[in-house]
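In the numbering used here, the protein residues as written are 314 to 634.
Here it is in structure tokens:
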């Protein structure tokens, strides 16, 4: 039997949260055939047992070994390789999809080939935690000053499986912000990313200062990796801006590569913002920003090979029925 949708979840030591996500998937009602693939990235807790306990309540549930290479992107690639659906939708093991999430993603993918839904931070986070970070992707897609392209978190993303394969899936060398990298490559290959706000995922934010610092550090390192990988594309974008506006660096794009200037600016801004911290939520936000700056400056990111884009020859979008 053909499968319309494959839900792929990368999981690593997610026994404490995965049960809630799978329960949310069990509540889905969608006029489509679908399956769930949990790609276990080498968990040392009861993640596999928690997932397996839902075998009689979720269609086509499979728990597969995705431990060959550490990283969410690598795990998702293995999950997609095992999937059968025409379309693939991703959600995370520590979030909770809304009850109509899968139906909304299915409707969107009947007329588009690459879509991203909305994040909500109200359900799973206290007021203090919500104040600790501005949650992106609540009102629109995320955008980067580097290329001016939209991107979205892999925790609420869907696309044709053939498109995913055509661009090589997630880059396993991208340990963080691998979803941004995938979104950029698909768009540069000619595939638009479509905002689908009716597809809602409830996101679980980092609740401690230490976890906020760590996540900020990881995002900072990912941003630095992207700036190296897309150097040529960013420089071309800066040249286009120069011809249009007369300014060679109107949005701080080229300054992304002036490491000393960037670090001095961020250090000054971070220290200045500490003086304005008057609540635990604000302190959490400051920890995240500090972690981001440290990650961008000091995390070992190597020198990734420049990205090479091949236009997608398959369907980039399809007309609405």
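Where is the CB? At the ideal position from N, CA and C, for every residue including glycine.
Check whether residue i and residue j have beta carbons under 7 Å apart
{"i": "residue 379", "j": "residue 388", "result": "yes"}
{"i": "residue 331", "j": "residue 406", "result": "yes"}
{"i": "residue 617", "j": "residue 549", "result": "no"}
{"i": "residue 370", "j": "residue 323", "result": "no"}
{"i": "residue 497", "j": "residue 462", "result": "yes"}
{"i": "residue 480", "j": "residue 499", "result": "yes"}
{"i": "residue 316", "j": "residue 386", "result": "no"}
{"i": "residue 329", "j": "residue 390", "result": "no"}
{"i": "residue 350", "j": "residue 396", "result": "yes"}
{"i": "residue 535", "j": "residue 506", "result": "no"}
{"i": "residue 619", "j": "residue 545", "result": "yes"}
{"i": "residue 446", "j": "residue 598", "result": "yes"}
{"i": "residue 416", "j": "residue 343", "result": "yes"}
{"i": "residue 476", "j": "residue 423", "result": "no"}
{"i": "residue 441", "j": "residue 594", "result": "yes"}
{"i": "residue 345", "j": "residue 419", "result": "yes"}
{"i": "residue 348", "j": "residue 373", "result": "yes"}
{"i": "residue 492", "j": "residue 466", "result": "yes"}
Unbroken alpha helix (DSSP H) run spanning residue i, endpoints
{"i": "residue 494", "result": "491–501"}
{"i": "residue 622", "result": "Where residue 622 is concerned, there is no enclosing alpha helix (DSSP H), given that its DSSP letter is neither H nor E."}
{"i": "residue 332", "result": "331–339"}
{"i": "residue 363", "result": "360–365"}
{"i": "residue 392", "result": "385–395"}
Assumed close pair residue i, residue j - CB separation to whole angstroms, cut-off 8 Å
{"i": "residue 488", "j": "residue 606", "result": "Contact doesn't hold; Cβ gap of about 18 Å is too wide."}
{"i": "residue 448", "j": "residue 518", "result": "7 Å"}
{"i": "residue 529", "j": "residue 604", "result": "3 Å"}
{"i": "residue 409", "j": "residue 341", "result": "The Cβ separation is near 12 Å, so there is no contact."}
{"i": "residue 468", "j": "residue 401", "result": "Going by Cβ atoms, the distance from residue 468 to residue 401 rounds to 14 Å, so no, they are not a contact pair."}
{"i": "residue 609", "j": "residue 533", "result": "4 Å"}
{"i": "residue 325", "j": "residue 356", "result": "6 Å"}
Burial state of residue i, where buried means 16 or more other Cβ atoms lie within 10 Å
{"i": "residue 509", "result": "buried"}
{"i": "residue 428", "result": "buried"}
{"i": "residue 577", "result": "Any reading at residue 577 is ruled out, since the residue's pLDDT is 49, under 50, leaving its predicted position unreliable."}
{"i": "residue 556", "result": "exposed"}
{"i": "residue 540", "result": "buried"}
{"i": "residue 624", "result": "exposed"}
{"i": "residue 431", "result": "buried"}
{"i": "residue 521", "result": "exposed"}
{"i": "residue 472", "result": "buried"}
{"i": "residue 470", "result": "buried"}
{"i": "residue 626", "result": "exposed"}
{"i": "residue 433", "result": "buried"}
{"i": "residue 501", "result": "buried"}
{"i": "residue 336", "result": "exposed"}
{"i": "residue 452", "result": "exposed"}
{"i": "residue 412", "result": "exposed"}
{"i": "residue 523", "result": "exposed"}
{"i": "residue 392", "result": "buried"}
Boundaries (first-last residue) of the beta strand (DSSP E) holding residue i
{"i": "residue 319", "result": "316–324"}
{"i": "residue 348", "result": "347–353"}
{"i": "residue 605", "result": "Counting along the chain, residue 605 falls outside any beta strand (DSSP E), though it belongs to the alpha helix (DSSP H) covering 593–611."}
{"i": "residue 508", "result": "507–515"}
{"i": "residue 399", "result": "398–403"}
{"i": "residue 420", "result": "Taken as a continuous stretch (DSSP letters only), residue 420 belongs to no beta strand (DSSP E), being part of the alpha helix (DSSP H) at 414–422."}
{"i": "residue 375", "result": "375–378"}
Assigned secondary structure, residue i (DSSP; H/G/I helix, E/B strand, else coil)
{"i": "residue 477", "result": "helix"}
{"i": "residue 471", "result": "strand"}
{"i": "residue 530", "result": "helix"}
{"i": "residue 455", "result": "strand"}
{"i": "residue 535", "result": "helix"}
{"i": "residue 429", "result": "strand"}
{"i": "residue 368", "result": "coil"}
{"i": "residue 463", "result": "strand"}
{"i": "residue 442", "result": "helix"}
{"i": "residue 547", "result": "helix"}
{"i": "residue 573", "result": "Caution applies to residue 573, whose pLDDT of 48 falls short of 50 and renders its modelled position unreliable; the model cannot decide the point."}
{"i": "residue 564", "result": "For residue 564, the pLDDT reaches just 43, beneath the cut-off of 50, and the residue's location in the model is therefore unreliable, leaving the point undetermined."}
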